[in-house]
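Here is the structure we will look at, set down as structure tokens.
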Amino acid sequence: MAWGTSNAIYSILVAALVIFLTGIPLAITAARYNIDLDLITRSAGFGYFGSVITSIIFAGFTFIFFALEGSIMAQGLLVGLGIPLWMGYLIATLMVLPLVVYGMKALTRLQVWTTPLWLVLMVVPVVWLIVKDPQLVDGFLHFAGKNSASTVDITAIMLGAGVCLSLIMQIGEQIDYLRFMPPKTAENRKSWWLAGLFRRPGLGGVRGDQTDHRRLPRLLSVDPFPGGAQYRTGAAVRQRLR
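Each position in the sequence shown, counted from 1, maps to that position plus 55 in our numbering.
Encoded structure:
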């Protein structure tokens, strides 16, 4: 926001468009062939070394993202409950370990249960501020920032978009879910494309990754693991890529 609200909004839109366009082929490939990002990298011609580099980039992004989210939670515990910052970091870090022990199914259920609460906590404070002081909306929209006038600045937009584009690597996370998409059929053709396009490329660019991606199997009303373990074998993957 150092360059003002207008430039920030345009930055987010530019980044969202780039993430949407670059995510489409990856998301559809993962959903169609039931493969993860490593296998997509190999099939694109980058080989084993390329898949290793992809994994390193994705892992680095994940650690950075977890650190950022952990710091936000620690600050919230400090402000809301008075818990010391160092203890907040420990709580935010260690509380997830029991859930990880039970695997993705436990994490999936937790996010399904907490999504309504997350939506309420995200919306209610904004609504409360607007009701309490309606002038905040006008002040926000006309905020010029520290380094900019009220005009649109291309340099500022590109700088802001560069920051937002750090979210682009979340495609790797979403592919871990999209690869379990069922085969596209005449019956589920429409819902298949909607789920494939708007699960990651459409929502990720506007920070929609909190959307309940576990609803994909229910949306499509079919078995989310078609063929069982056959998609985990290299021979099956190669056959589907031909």
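Ideal placement from N, C-alpha and C gives every residue a C-beta, glycine not left out.
Mind checking whether Ala147 and Met177 have CB atoms under 9 Å apart?
Their beta carbons are not under 9 Å apart, which means Ala147 does not touch Met177 by this criterion.
With Thr24 as the anchor, note down where its alpha helix (DSSP H) starts and where it stops.
Coverage of the chain is limited to positions 56 through 297, which leaves residue 24 absent and any answer about it impossible.
So, under 8 Å CB-CB, Ala82 and Gly227 are touching, yes? Tell me the CB distance rounded to an integer number of Å.
That pair is no contact at about 11 Å.
Please classify Arg234 as buried or exposed, where buried requires at least 16 other C-beta atoms within 10 Å of its C-beta.
Arg234 comes out buried.
In chain order, what residues of the same chain have a beta carbon less than 7 Å from the beta carbon of Leu196, not counting five sequence neighbours either side?
The residues are Thr60.
Per-residue burial, Leu94 [other beta carbons within 10 Å of its own, 16 or more giving buried]
It counts as buried.
Reduced DSSP secondary structure (H/G/I, E/B, other) of Val69
Reduced to three states, the DSSP call for Val69 is helix.
Quick check on the burial criterion: 16 or more other C-beta atoms within 10 angstroms. Buried or exposed for Leu174?
Counting Cβ neighbours within 10 Å, Leu174 comes out exposed, since fewer than 16 surround it.
Give the C-beta separation of Gly200 and Ala57 to the nearest angstrom, bearing in mind that I take them to be a contact with Cβ-Cβ under 8 Å.
Right, the Cβ-Cβ distance comes to about 5 Å (below 8 Å), so this counts as a contact.
Measure the CB-CB distance between Leu92 and Ser110 and report whether it falls below 9 Å.
With respect to Ser110, Leu92 sits close: the two C-beta atoms are nearer than 9 Å.
Going by other Cβ atoms of all chains shown within 10 Å of its Cβ, with 16 needed for buried, is Ile185 buried or exposed?
Its Cβ having fewer than 16 others within 10 Å, Ile185 is exposed.
For chain C, find out if any of its Cβ atoms is closer than 9 Å to the Cβ of Pro80; answer yes or no.
Absent here is chain C; the protein component of the structure consists of one chain.
For Arg87 versus Lys239, is the C-beta spacing smaller than 9 Å?
Cβ atoms of Arg87 and Lys239: closer than 9 Å.
Taking Cβ positions, are Phe113 and Ser221 nearer each other than 9 Å?
No, the pair does not count as a contact, with Cβ atoms beyond the cut-off.
Using beta-carbon positions only, say whether Gly158 and Tyr144 come within less than 9 Å of one another.
No, these two residues do not count as a Cβ contact at 9 Å.
Any idea what DSSP makes of Thr163, helix, strand or coil?
In the three-state DSSP reduction, Thr163 falls in the helix class (H, G or I).
Per-residue DSSP class, three states only, for Glu242
Look at Glu242 here: in three-state DSSP terms it is coil, with no helix or strand label.
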